[in-house]
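Per full-length UniProt numbering, numbering of the sequence shown is gapless, rising by one per residue and ending at 1112. Working notes for the structure below.
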Amino acid sequence: MDVRRFSSDVRNVVKEVSHLRRKKNGRAYNYDLAILFARIWFFKAEIFAHRETNPLRLGTSVEDFIDGLYEGSTFLVKSFTSHPQDKTDKQALKLIEEIPGYVEALYDHPSESDEEEGSIVLRNGNRTRDLLGKFLVQLKLFKADVLLLGELLNKDELSNWKKQIGTLREGLIFLIKSDVHQPKQEEDTEDEKLILADIEELAAGIICLCNSSCSPENMEFQLADLLGKVQNLKAKLKDLYFQMPPFNCPKTPGLGSIRSFLHDLKELSSGAPESVECATYQIEAIHGDLELIIHKYGHFLDEDIVKNQKSIDEIRTRLVDAAHHVENVIDLMKSSNDPNSQLLMWLYHFSEEITDVKVQLVDYCDNTTILGVGVETYSYRYHHLALPMNTVPMVGFNEEQATLIERLTRGTSRLKAVSITGMPGIGKTTLAENVYNSHDVVNHFHVRVWCCVSPAYEKRDLLLELIKGLTEVRPDMLTRKEEELCSVLYIYLKSRRYLIVMDDVWSSAAWDDLKSSFPDGSYGSRVLMTSRIYNVVPNPLPLRGLSIDESWELLQMLVFGDEGSPPELCEVGRRIAENCKGLPVAVVSVASLLVSQPEAQWVEVAERAGSQIVNAQVTEFIRMFEESYKKLPDHLKQCFLYFGVCPRDEDISVRRLLWLWIAEGFIIPNVENKSLEDLAEEYLMDLIQRRLVILSKQRSNGEVKTCRVHNQILDFCLLKAKEAKFLQLISGESSYGSPNHLHDEHRNPSNLIDSGHRLSICGDPEEFIAKTPSVPYLRSLQFFDTSEMYPGCDSDVSFIFDNFKLLKVLDLESINIGNSLHGGINLPLPLRYLAIGGDMDCIPSSLSKLQNLETLVVKGLMNKFVLPDTIWSMTKLRHVHVTNHCIFTLQCDKNGSLLKSLVSLSMPSFVCGDETNDTVRRFPNLRKLKCIFLQPRGRSMHVCRFPDLEHLYLLNTLEITYYGRPLKTGEFIFPSTLRKLTLSNFRLPWNCISVISSLPYLEVLKLISRAFVGSSWLMEDGVFPNLRYLKLDSLDIAIWDFSLWDDPFPCLEQLLLRNCGQLKEVPSIFGEIITLQRIEVHQCGDSTKQSVRRIVEEQREFGNYDLISVFS
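This is how it looks when you write it as structure tokens:
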């Protein structure tokens, strides 16, 4: 054997022995001694393995040496685990721990029938040589890894090649973890033996590079050569061992999910956990490829932008699928202390897939540009109705029709645009047709023309259609330019009072393009538009749904005509009409179904309302909503489909919805540096303006509090979501499926891995919990209990934290989880949203393992809830919401940790004093705070001061309830940024309100439950310059004196008085506030109500009918 190959190792060991002799005893000394012993042991093992793998006869000491390997590995494991380890030592420890497996494979074991003592013998020479050779390759790889870290990767003079060296080391780790090294009973295949030989050659090349001094040119060449060999080996190993992961990746519409994933990758690059560092450069390459694809070629991948749609669909599907798989793999790596060979293999495979997609896309785009094929946008031909026919009678919109006719025929003589808005199928076109053909409109306008505008349009085609409706189109007009056609239309309409109806307008662009062609000759001309978009023109007329009576009336007219329904069908007919949920188009669909049914079968039809009728409605709605859905911007598609997780016929909390959108990654930060919450609210308002989402309730400051979607829209969401495997809904007691026409055949929840990326369970969750399913790749799990009673018995849901390893969203708020979390959270799940509820008064400190958590919601049933000290390390928290008051402690946090990401907090309890000031300073970017202030025990009231909140310079919403003896001072210290303030139970005199009245941006003020006490509120200290909403609730005020100020509320829009029984009257000066729109009086005295009525009557005498009053 040539001993020269080991000379450098001998020199290194001698140096380390000399260095160690100069050290003193101690913990560091013992650790270094363990390291030295390990390296000597590896050195001896390599010499032996190298000798015995030669084709000479095995030496007689093989068995003794193998026993020594086993004993030495046991000692080394103890030595390493008793000391802290760096990354290299951990790799060495893992190799040492694998030695028993190698030793086991070196021996033949007797069969079950052969129990003769001593029958366990060493394998034959060739097999032993193969196994020792495999071990030798591992030793060389480990040695190469140590040298790469020590000799190349961390040297400043080699910084120009840091990326290549880092990539090489990642490839080395990939090979170290490869299954090809695993000892096994059967003999290796020829392919495996060849790969092992190539890996050994690669390790030798790396060792040689580390031990030599290279010129820059030679270093560049050798690194390129070694990286090429690594790639070649990865490809060969993939061919041998790769298996597709069982991930359930959704076919997410558009590229929104990839844009969100790009943002996550960018964050990962700035602070990757240790378990992901073995693939840092590969993840960086993935990020680069995706960023190039989205930024340079994203427009080619947009929905419906090119004619050759099939090819681009295939590319987009491959890209989205690969990106989802990479995201899953990275999250699994994060949750693993040491990523295994399978995870690294998956990451490599899908990284290559993304690179292939990039190459395919570049080639496609280049060919498309060269050939001039496929880049033209679609051009729809528009249908023209010169005189629309009323094929469907109109029911239920008499008031709306009268309003429209008045807007069209009265008012200003200037040209004016009027819009009818509403969701698809609500009856916009039918109403417009009735108005268009009404006697008043026909007689009022000189010229009327109707055109239909679809999602995309060509201005030139639309101009021709309008001209065609007014006059004969000569052949020469077909060749004229847009500007000439605009002039033709303008001249024809000039000096006429005209009405133009633009049906099905999808954006304000159509109006902007055409309005310059409509002359404004002060003749009272009008343009009437129907649109699903709310803000095409100001002050639109929104359409409501039909009532049950109106739906039944329309159904009778369509089925029976003027004859009316037989009396015996009234009851069942009303049931059928009720199933149409107020949509005229649904009534029309059902009517066409009933016309072909004998009257005797109406009951059967009504009973099948969840199948045949609903299926007919869904078919019609799919056709109607498909275009609306396709027209949605990319970033709104996922948000729209997400409504499918919500229960039917219930208002949806907007706050919760926006938090979930953020957690799911739907909200992508933009260059304007808007907060994620503001962007999410903009997304929602966009959907509301498109009439796809209904605004249910508003907050006092005008923000949306709750919303809902129509059942037919919900059905559409569920249908599209199921097609894309975007989400799965379990609803009702009889089956896992949402409405009856969307039943799912999977009764076992574990099988839902093939049915949805997200799972929503509406109803009793016990059946699901009892099965303790395991769906390791599910991303979202939400429970909605539709019963009114909160569950009294607790449920053990601890299995979820072990069986669902990739969850981003977990909502257990409607379940009483009891002590499920007392055992702690064992896995670092990628959770971003966690909601829990039940009989608990604390949460374990292991919560801090959820380092990605952004939203924590606790619906506790106990009087108080203690947050763990470890919460101060959860730097990504944005929202903490506890229904009962929660307690922060600083005992274990002496470093002054800040929760810089926290923007909303509810409901902590703070003791008035310096400690509270210290705690609140930990939330420097807080925007919303709902809290309780407590009187300190055993302290004089003179030291009980209101906390200093002035440094919370972003705070805009504040709600405080006080418990304790009345404060002696009203020295509030508020930030000037406050826009909404609610105070309760402070019992301060009215003269302390001056600090509040001077807040420059305050828009909403609620004084509740003796916030201020005293029979007289004399407004002498100033005005509320920007206040728009004022609520006084449960106060003892009797006299409200404005005598010192003429206009104390210059911007007030709403006044609400509740349970102020001693208040004698509302000052008459409120009638002079020109901005006032609404006064509500509830549970107050008769004199108060009379004073409000007088104010309203006086306003009406002056012609102001907009002021609304509400009494109860």
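Cβ atoms here follow ideal geometry from the backbone N, Cα and C, with glycine treated the same way. The structure presented is a predicted model; accordingly, all values stated were derived computationally and were not measured.
Residue 931 carries a strand assignment under DSSP once its states are collapsed to helix, strand and coil. Note that the stretch 705 to 725 does not touch the stretch 1031 to 1050; fewer than 3 beta-carbon pairs, one per stretch, sit closer than 8 Å.
Straight-line spacing of the CA atoms in residue 526 and residue 714 works out to 36 Å. Judged by beta-carbon spacing, residue 275 lies within the 8 Å limit of residue 336, meaning their Cβ atoms are closer than that value. One thing to note: residue 1099 has its Cβ within 8 Å of the Cβ of residue 1071.
Distance from the Cα of residue 283 is smallest, within the candidate group 354, 700, 450, for 354.
DSSP, read as helix, strand or coil, puts residue 214 in coil. For the pair of segments examined, the stretch 909 to 921 was found not to touch the stretch 677 to 695: the number of CB pairs separated by less than 8 Å stays below three. The C-beta of residue 1086 has fewer than 16 other C-beta atoms within 10 Å across all chains shown, which makes the residue exposed.
The beta carbons of residue 194 and residue 255 sit no closer together than 8 Å. Using a 10 angstroms sphere on the CB of residue 359, the tally of other CB atoms stays under 16, which defines it as exposed. If you ignore the 5 residues before and after residue 441, its C-beta comes within less than 7 Å of the C-beta of 405, 408, 409, 435, 499, all in its own chain and listed in chain order.
DSSP places residue 1017 within a strand segment (E or B) once states are collapsed to three.
In the structure shown, residue 835 adopts extended strand secondary structure according to DSSP, grouped into three states. Following the DSSP letters along the chain, one finds residue 758 inside the beta strand (DSSP E) bounded by residues 758 to 762. Within the model, the alpha-carbon separation for residue 1067 versus residue 651 is close to 37 Å. Take residue 266, set aside five residues on each side of it, and the residues of its chain with a beta-carbon closer than 8 Å to its own are 287, in chain order. Residue 270 and residue 325 have their C-alpha atoms roughly 22 Å apart.
If you draw a straight line from the Cα of residue 298 to the Cα of residue 637, it comes to about 16 Å.
When only Cα atoms are considered, residue 560 and residue 496 end up about 43 Å apart. Listed as beta-bridge partners of residue 886 by DSSP are 865, 908. Distance from the Cα of residue 922 is smallest, within the candidate group 898, 165, 915, for 898. In the DSSP assignment, the residues bridged to residue 1058 are 1033, 1082.
The Cβ atoms of residue 242 and residue 345 lie closer than 8 Å to each other. Your pair residue 529 and residue 511 checks out as a contact, with CB atoms roughly 7 Å apart and the cut at 8 Å. Secondary-structure assignment with DSSP links residue 500 through a beta bridge to 449, 527. With the rule of 3 Cβ pairs closer than 8 Å, the stretch 923 to 938 counts as touching the stretch 952 to 965.
The secondary-structure analysis by DSSP pairs residue 783 across a beta bridge with 761.
Ranked by how close their Cα comes to the Cα of residue 949, the residues 936, 935, 937, 918 have 918 in first place. In the same chain as residue 666, and ignoring 5 residues on each side of it, the C-beta atoms closer than 6 Å to its own belong to 638, 639, in chain order.
Cβ contact annotation for residue 494 (same chain, cutoff 7 Å, sequence separation greater than five): 519, 521, in chain order. When secondary structure is reduced to three states using DSSP, residue 659 falls in the helix class. Between residue 684 and residue 726, the alpha-carbon positions lie close to 19 Å from each other.
By the Cβ test, the stretch 816 to 823 is not in contact with the stretch 864 to 882, since fewer than three Cβ pairs between them sit closer than 8 Å. In the same chain as residue 849, and ignoring 5 residues on each side of it, the C-beta atoms closer than 6 Å to its own belong to 825, 828, in chain order.
Going by C-alpha positions, residue 475 is about 15 Å away from residue 482.
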